[in-house]
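Reviewing the structure listed below.
Protein chains: 2
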Amino acid sequence: MTLVNGHPAESVDALDRGLAYGDGVFRTLRTEAGQPLWWRDQYAKLAADCEALMLACPDEALLRTEVCRVAAAGEGVAKIMITRGAGARGYALPVGEACTRIVLSAPLPEHAQAPADITARWCTLRLARQPRLAGIKHLNRLENVLARAEWDDPAIFEGLLCDDSGAVVGGVMSNLVIAKAGELFTPDLGQCGVAGVARTRLLRAMERRGIPLRIGRLLPDAILAADEVMLCNSVIGVRRVGRLDDVTWTPAGWTPILNDALYEDVD
Amino acid sequence: MTLVNGHPAESVDALDRGLAYGDGVFRTLRTEAGQPLWWRDQYAKLAADCEALMLACPDEALLRTEVCRVAAAGEGVAKIMITRGAGARGYALPVGEACTRIVLSAPLPEHAQAPADITARWCTLRLARQPRLAGIKHLNRLENVLARAEWDDPAIFEGLLCDDSGAVVGGVMSNLVIAKAGELFTPDLGQCGVAGVARTRLLRAMERRGIPLRIGRLLPDAILAADEVMLCNSVIGVRRVGRLDDVTWTPAGWTPILNDALYEDVD
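Just so you know, the protein sequences line up as chains A and B, in that order. Be aware that the first sequence starts at 7, since it is given in the working numbering, and climbs by one per residue. Be aware that the second sequence starts at 7, since it is given in the working numbering, and climbs by one per residue.
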């Protein structure tokens, strides 16, 4: 089911700026028994991303109600898109506020139902560094599309991306955490990448547990030298990378700890 | 009038990848008496951009027919968008070819009817360098939106952009050409920016006339030191920049020469 501005609909205006320019933001989240998971964090991130792009974020209660309307009875995924709405031709921001909000549901993907270890690969595409858009889950995702198009082996679940300075940023659709010598690290996302809600929850939860995730610049060698490599997002939770191209790891025990932390205060 | 896959329609599928990821390309072109201007160049650029993104470009004759169908009787603007179509959730390319083609018309903007000199400004946003997307007129245009949002003074027609290395790239919606000591220069677009059809036509026409546009790295000082600064695109033609923030220029005579070259073999 899809709601466009609160009404059941299958389509959006052909003049929508979300289509014309990718002028908008989105969220993908899990739903369970018709309710959004981690709603407070999801809405906070949506509101922050809207603010970064000078978009008017819809009211929280309204949006939550719409997510519940589209959500499946069992487990599923909901997607929210907020665009700057239909406007005249041209890049200038339209006068007045007429955002488009799209809320739709999809079945929980198969890979989210069987939480196995992940096989990953390095992507050759390098992410461009744009601090004005870094961290935001906006609708300009051609880099992700091109990176994901680098492989079609269904055994490979995710690709790892570096920026054009050589620093590791994360997965095409996930954030990266590594464990090394008792410490946890996650790439800095001040130049590119998406700062996902699962990563934010882990930052908060592990801080509380006294094993903080340290944010910093990580090079590929640091990933290869890690005791455990993990990828996370709102749909798959935290997953251990068992293989990265020709490198394999045996479990070091961090993935279950981080998954516990991720789910500890379900909102 | 808007055609979606050849049929009159006002909307596109809410699951279209053009909306979800900006996964597509577009063209904006002038129409005169119901016919597209510079069609051969416009279609060649569309096809090249499609190929760069692994999109199936629609047949040329089909697309031209659709542009003529939507075009106004007098002067106007047509816009073509080609997206990767509606697909399942996720970045992976959908199996099979099911692009969406959207062809729509708009009135010729007022500024294109009165070819006055241009007042421009420097934008503070720096374009990120992504060679995989450089030159392509794709649907990921948030940088242009943010740059255009830096001013709302209607007297300012265009903003000039540098990349994050400090090189000048061009205008938010136009390409840049400068004249200095009898030579013509235009920024290299191998790292970012859109290589527009007007620029391509000028490169070809001025080569033929023996005053080639030299492509290279231009710094802001070179713009300020130019004899004449010009901006071009398919809708406005070539326009002289009379003022750039506090700097003004008097005409050096190049703008009419380049406009003649731009229109010399109307296709």
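Cβ atoms here follow ideal geometry from the backbone N, Cα and C, with glycine treated the same way.
| Item | Value |
| --- | --- |
| Contact with chain B by Asn146/A, beta-carbon distance below 8 Å | yes |
| Residues in the region 124-138 of chain A having any Cβ partner in chain B nearer than 9 Å | Leu131, Arg132, Leu133, Ala134, Arg135, Gln136, Pro137 and Arg138 |
| Per DSSP, cross-strand counterpart(s) of Ser111/A | Ala84/A |
| Buried or exposed (CB count within 10 angstroms, at least 16 for buried), Arg23/B | buried |
| DSSP bridge partner residues for Gly30/B (one or two, in chain order) | Thr89/B |
| Cβ neighbour criterion (16 or more within 10 Å) applied to His289/B | Chain B is shown from 7 up to 273; residue 289/B falls before or after that span and cannot be answered. |
| Check whether Glu234/B and Arg246/B have beta carbons under 8 Å apart | yes |
| Proximity test, Cβ basis, 8 Å: Asn150/B and chain A | yes |
| Met60/B, buried or exposed, once every other Cβ within 10 Å from all chains shown has been counted against 16 | exposed |
| Enclosing alpha helix (DSSP H) for Ala284/B [first to last residue] | With chain B covering only 7 through 273, there is no way to say anything about residue 284/B. |
| Minimum Cβ-Cβ distance from Thr8/B to chain A less than 8 Å | yes |
| Reference Arg46/A; option with closest CA among Glu66/A, Leu152/A, Asp159/A and Ala62/A | Glu66/A |
| Ala201/A at chain B interface by Cβ criterion, 8 Å | no |
| Cβ pair Val73/B, Pro42/B closer than 8 Å | yes |
| Anticipated Cβ contact below 8 Å, Pro115/A with Val244/A, distance rounded | With 8 Å as the limit, Pro115/A and Val244/A do not qualify as a contact, their Cβ atoms being about 16 Å apart. |
| Bounding residues of the beta strand (DSSP E) (the contiguous stretch that carries Leu219/A) | Leu219 to Gly222 |
| Range of the contiguous alpha helix (DSSP H) that encloses Leu212/A | According to the sequence as given, residue 212/A is Met; it is not Leu. Per DSSP, Met212/A belongs to the alpha helix (DSSP H) from Val203 to Arg214. |
| CB contact check: Val73/A to chain B, cutoff 8 Å | no |
| CB of Leu209/A within 8 Å of CB of Glu164/A, strictly | no |
| Range of the contiguous beta strand (DSSP E) that encloses Arg246/A | Gly243 to Leu250 |
| 8 Å Cβ cutoff, Ala118/B in contact with chain A | no |
| Per-residue DSSP class, three states only, for Val151/A | helix |
| Boundaries (first-last residue) of the alpha helix (DSSP H) holding Glu66/B | Glu66 to Val76 |
| Neighbouring residues, chain A, relative to Val178/B (Cβ below 8 Å) | Tyr97 |
| Contact between the region 129-136 of chain B and the region 129-145 of chain A (3+ Cβ pairs under 8 Å) | yes |
| DSSP three-state assignment for Thr37/B, whether helix, strand or coil | strand |
| Min CB distance Leu52/A to chain B below 8 Å | no |
| Distance between Leu152/A and Ser111/B (C-alpha atoms, nearest Å) | 30 Å |
| Extent of the continuous alpha helix (DSSP H) to which Arg263/A belongs | A small correction: the amino acid at residue 263/A is Ile; Arg does not occupy that position in the sequence shown. Per DSSP, Ile263/A belongs to the alpha helix (DSSP H) from Trp260 to Leu268. |
| Selected residue, minimal CA-CA separation from Arg70/B, among Cys56/B, Leu167/B and Lys85/B | Lys85/B |
| Delimiting residues of the beta strand (DSSP E) encompassing Glu164/B | Glu164 to Asp169 |
| Closer than 7 Å at the beta carbon, the chain B residues around Leu110/A | Ala20 |
| Within chain B, the residues that Arg154/A reaches when beta carbons sit closer than 7 Å | Tyr97 and Ala98 |
| As assigned by DSSP and simplified to three states, the class of Gly24/B | helix |
| According to DSSP, residues forming a beta bridge with Ala58/B | For Ala58/B, which the question treats as bridged, DSSP gives no partner whatsoever. |
| Chain-ordered neighbours of Leu225/B on chain A, where CB pairs are closer than 8 Å | Under the 8 Å cutoff, chain A gives no residues; its nearest Cβ is about 20 Å from Leu225/B. |
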